[in-house]
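Just so you know, the sequences run in chain order A and B.
Residues 507 to 1059, numbered by the numbering used here, are exactly what the first sequence covers, in order.
Residues 70 to 219, numbered by the numbering used here, are exactly what the second sequence covers, in order.
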Amino acid sequence: MSAPNHADILVIGAGASGAIISLVLAERGLKVVCLDQGGWTPPADHPHYAPDFQWQRQKEWNPEPATRQAAADYPVQSSHSHALMWNGIGGSTNIFGALWPRFRPSDFRKGVEHGMAPDWPLSYAELAPFYDASDALVGVSGLAGDAAMPPRPDYPCAPLPARNSGRAIAAGFDRLGWHWWPMPSAIVSENYQGRPACNGCGNCGSGCPRGSMAKMSLSVWPRALAAGVDLRAGARVEQIETGADGRATGAVYIDRATGARHRQTADIVVVAGNGIGSPRLLLLSESARFPHGLANGSDAVGRYLMHHTLVGATIWVEPRIDSHIGNTGAVISSEFAETDTARGFVNGFNFNVARGGPAGLSTVGAHSGHAAPWGSAHHAWFRRHFGHAFNAFAIGDDIPQADNRITLSESARDSDGLPAASLHYVPHANDRKMMEYGANRLRDLASAVGAFDFALNDYRDAAGTYRTPAWHLLGTCRMGSDPASSVTNKWHQAWEVANLFIIDGSSFPTGGVVNPTSTVCALALRAATNIADCFTELRRAGGGGGQAPSALR
Amino acid sequence: MSGHDDDLALFLNTLLPGDDLFPTATASGMLALARARMAADLQAPLTAALAAHGWGGRPAGDVVAGVEAAEPALFDAVRKLAYLTYYEQPAVIAAIRGLGFTYNDAPLPDGYPAERFNPATDMPRHGRGRWIAADAVVRVDLGALTGEQA
């Protein structure tokens, strides 16, 4: 086994969080090595340039590893959720929708609000400056002045065009007297830092090979590489190693091209593998000192998995709105974002309203779950429906439950022989009530826009089992104020391993009512800045013991 | 269905029969591509399912309806394959354009005509929306909740 040069920082995972952490620390002069089990996804490999782009979305560009079965993926056995992700440089930003709303202040205070979930150990106010800086880093388009959110500076880019589709959707919310706002998106509406403005191609679902979306391999990674990050693709980490003092010493990884094992040592190890990959790696890293997995003395590693509640609908309106054109996210509504127990549940949800999509995906019911009829009715259906649709999703804050968790599979293994992940997720009774309520509000929206057709998707299969498309993989290495119930402190530092940091969606104590990547990036920026500020103290800090070095602020 | 092109053509044309603007499935030029895509794991089960419902001896539409009812997962997969393959054919894209849509063969490189956010028409003017400051968050009345979630 080779042992390359010692690094200051080892980052495991080159997705949104890993990219930002690597950039910040390298630009502060630290020697950073980043490992990712996947490879680069060159722009020309995206399906956007071929007429079969919709078919590719079902196959090699399918967001579900279980269907895609790419060499870089690891199996995720799941009895319920469809776990969605992309393993490679840039992580799931290779295929995400780039919706970029923020958490709201009350999202950090659910312990106080109702006690069915914990408070975050930090506040919105502490995170806000890093939201702003992250927006500037990745390039975000939007409109300041939303009365449903705390004041914020102007966005780096002007809002994306509303188009006829956005105007029709907004009119529906106005008729209901409900809040709406242009969707903040990490898609540049104007040329920005060498990246071209979005040209409305309408295929956000397979990422953006132009770099108009914040695909990290085209936005943050070029700058990180220029700063000197040693980024190694095809490097699958099998274990984080620890020394006699309990500190992390580095990691052993498999070069997927050769099968050779290598050891990379570092003063500080950062895990950024997403809400499935990060707990999987910690569980794989068990040892005599950490018999239940690294940093898992609380037994919280892998637990409290959250996806958000989700119920959606495709809504067809009379005016032709050419909804195959434009970026995915059109409008957000925060009308129901705050808890109102008169509705019968705690927590809230937002509406994400998206455009309709291209012809093929429209006919297969990609969002509605209801395909167009076959036979003599098919073409009449198409003439009536295509170009008239939008998709609305009620995305809500699900209750973190200890039994919803990631464990190591006892039977399945990845292509390198490492145990696969096993996922269990069942929504809480509170979540089910919220989804029922959200479904009824979707019906209200359909009525308000004068819909001539409406198809609800509650993501239940024929047996009634909720099988959510789980883009959002949250909570499985949560931060907290109490080492007994969390994995890290507010700086993402493992309670039990002073030089181990876990920084990604797994860090979230609660999920909020929004897509999480903007918060992942803000947290990464905050955590990395702190590591850089405290690096000298951190490299000296003792191993276990549960308390953060005093240098951590 | 024997698996020959004639059978597959009839099956696809039953799903997508065409009209005065849209071509039939086979006239669209999709047959060979559909066969290739189906070959991996769908051809054999589809053939068996159609045979079990009387393919060749009953009207094709009746047989397809029987498969749809009896084997929804298989039918959904085959229908998805058929629809996606059909809608990427140049003749079908031409028909979509014939409806008056600006519709590209592929999303890129062209994209669609640029627009800008127009504050005059697109700015929200409703003034709605609220948020709760962190220090204003207080314990809600959980007595309003019922059943197992309380």
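Here a beta-carbon is modelled for each residue, glycine too, at the ideal position from N, C-alpha and C.
- In the three-state reduction of the DSSP assignment, residue 1025 of chain A falls in the helix class.
- The beta carbons of residue 897 of chain A and residue 850 of chain A sit no closer together than 8 Å.
- An exposed status is given to residue 793 of chain A, since fewer than 16 other beta-carbon atoms sit within 10 Å of its beta-carbon.
- At a Cβ-Cβ threshold of 8 Å, residue 987 of chain A and residue 627 of chain A count as neighbours.
- Taking a C-beta distance under 8 Å as the contact criterion, residue 775 of chain A and residue 153 of chain B do not qualify as a contact pair.
- Taking 8 Å as the upper bound for CB-CB distance, residue 892 of chain A and residue 818 of chain A are not in contact here, some 19 Å apart.
- Closer than 7 Å at the C-beta level to chain B, one finds these residues of the stretch 858-874 of chain A: 865, 866, 869, 870.
- Take residue 779 of chain A, set aside five residues on each side of it, and the residues of its chain with a beta-carbon closer than 7 Å to its own are 518, 519, 787, 1010, in chain order.
- Look at the stretch 816-832 of chain A: the residues with a C-beta under 9 Å from a C-beta of chain B are 826, 828, 830, 831, 832.
- A Cβ-Cβ distance of about 25 Å is found for the pair residue 962 of chain A and residue 980 of chain A, leaving them out of contact under the 8 Å criterion.
- Counted as a single uninterrupted DSSP element, the beta strand (DSSP E) harbouring residue 742 of chain A occupies residues 741-748.
- Among the residues facing chain B, residue 983 of chain A is not included, as its CB has no counterpart in that chain under 8 Å away.
- Residue 215 of chain B and residue 209 of chain B have their alpha carbons spaced roughly 14 Å apart.
- Put simply, the backbone Cα of residue 855 of chain A is about 15 Å away from that of residue 933 of chain A.
- At least 8 Å separates the CB of residue 128 of chain B from every CB of chain A.
- Here residue 554 of chain A really is in contact with residue 715 of chain A; their C-beta atoms are around 6 Å apart, less than 8 Å.
- Ranked by how close their Cα comes to the Cα of residue 556 of chain A, the residues B:179, B:198, B:202, B:195 have B:179 in first place.
- Looking at the DSSP output, residue 999 of chain A bridges to A:1007.
- In the three-state reduction of the DSSP assignment, residue 1040 of chain A falls in the coil class.
- Between residue 1026 of chain A and chain B, the shortest Cβ-Cβ separation is not below 8 Å.
- By the rule that beta-carbons nearer than 8 Å mark a contact, residue 154 of chain B touches chain A.
- Nearest CB-CB separation between residue 119 of chain B and chain A: not below the 8 Å threshold.
- Around the beta carbon of residue 907 of chain A, a 10 Å sphere encloses 16 or more other beta carbons of the protein chains shown; the residue is thus reported as buried.
- In summary, the residues of the stretch 191-208 of chain B whose CB is separated from some CB of chain A by less than 8 Å are 191, 192, 193, 195, 196, 197, 198, 199, 200, 201, 202, 203, 206, 207, 208, in the order they occur in the chain.
- Going by DSSP, residue 962 of chain A is part of the beta strand (DSSP E) stretching over 959-963.
- Under DSSP, residue 929 of chain A forms a beta bridge with A:584, A:912.
- When rounded, the separation of the alpha-carbon atoms in residue 839 of chain A and residue 708 of chain A is 21 Å.
- Just so you know, the alpha carbons of residue 680 of chain A and residue 195 of chain B end up roughly 8 Å apart.
- Under the DSSP assignment, residue 900 of chain A falls in the beta strand (DSSP E) whose first and last residues are 895-902.
- Considering only A:1029, A:516, A:589, A:698, the residue with the shortest C-alpha distance to residue 755 of chain A is A:516.
- Under DSSP, no beta-bridge partner is assigned to residue 722 of chain A.
- Of the residues assessed, residue 748 of chain A falls on the buried side of the cut-off, its CB having 16 or more other CB atoms within 10 angstroms.
- Against chain A, the beta carbon of residue 110 of chain B has no neighbour under 8 Å; the closest one sits roughly 12 Å away.
- The contact set of residue 87 of chain B on chain A, defined by CB atoms closer than 8 Å, consists of 885 in chain order.
- Put simply, the stretch 632-644 of chain A touches the stretch 1017-1036 of chain A. At least three CB pairs are less than 8 Å apart.
- Contact annotation: in the stretch 636-670 of chain A, residues whose CB is within less than 7 Å of a CB in chain B are 652, 653, 654, 655, 656, 664, 665, 666, 667, 668, 669.
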